[in-house]
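First residue of the sequence shown? That's 30 in my numbering, and the numbers climb one at a time after it.
C-beta atoms are modelled at their ideal positions from N, C-alpha and C, and glycine is treated no differently.
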Amino acid sequence: MKKFVFSLDKVLNFKAQTLDIKNNEMLKMQVELKEVEQKIYNLNNDFAETNQRMILDLQSGLAPMDMAAYKLYLNEINNKIRNYNMLKANLLNLIDKKMAIIIELKTDISGLEHLKEKQFGEYFRLNQKEQEINLEEFVSRSRYFAV
């Protein structure tokens with residue numbers, strides 16, 4: 030009997046390769062998200078430290094020019110935080126979309142693998158039936174020639 034061949038094997042392999050690629054893209058985006066979150070955390074800490082320094086300097090007497098420099102720097106930090114938060118929101122949106130694609134690919138792959146198993150079971154059943162028929166023919170020929 031011929032060897033089992035799943036007719037959709039190329040589609041299954043393509044979807045599996047696509048899933049690997051999408052998983053790698055997802056990992057890269059998650060790493061980028063962690064980096065952005067770390068930058069936001071660092072900027073928030075920098076803002077808090079600078080604000081604390083400004084308050085201490087205000088208590089000991091701060092020149093108006095120095096106060097303006099503090100305010101400018103704090104505004105700069107705020108703008109960076111806002112930009113990184115927007116980048117984070119975009120990344121989260123992309124990650125959600127990528128996750129939907131990955132889930133769809135996993136569903137497709139699972140369906141194809143289930144179909145492959147079902148076809149293999151049918152192939153195995155037909156192979157056994159053919160072997161039984163061949164065995165019966167052999168036995169009946171043996172009996173015919175033995176008489």
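Sub-7 Å separation of residue i and residue j beta-carbons
| i | j | result |
| --- | --- | --- |
| L141 | L41 | yes |
| F33 | F149 | yes |
| K51 | I131 | yes |
| F177 | K147 | This structure cannot settle anything about residue 177, because the visible part of the chain is limited to 30 through 176. |
| M55 | K127 | yes |
| M83 | I124 | no |
Exposure of residue i, with buried meaning 16 or more beta-carbon neighbours within 10 Å
| i | result |
| --- | --- |
| V65 | buried |
| K63 | exposed |
Across the stretch 61-80 and the stretch 161-171, are there enough close Cβ pairs to call them in contact, namely three or more that are closer than 8 Å?
no
Scan the stretch 31-79 and note each continuous beta strand (DSSP E) run of 3 residues or more that stays entirely inside, going in chain order.
none
Determine contact between the stretch 97-114 and the stretch 71-87, defined as no fewer than three beta-carbon pairs at a distance below 8 Å.
yes
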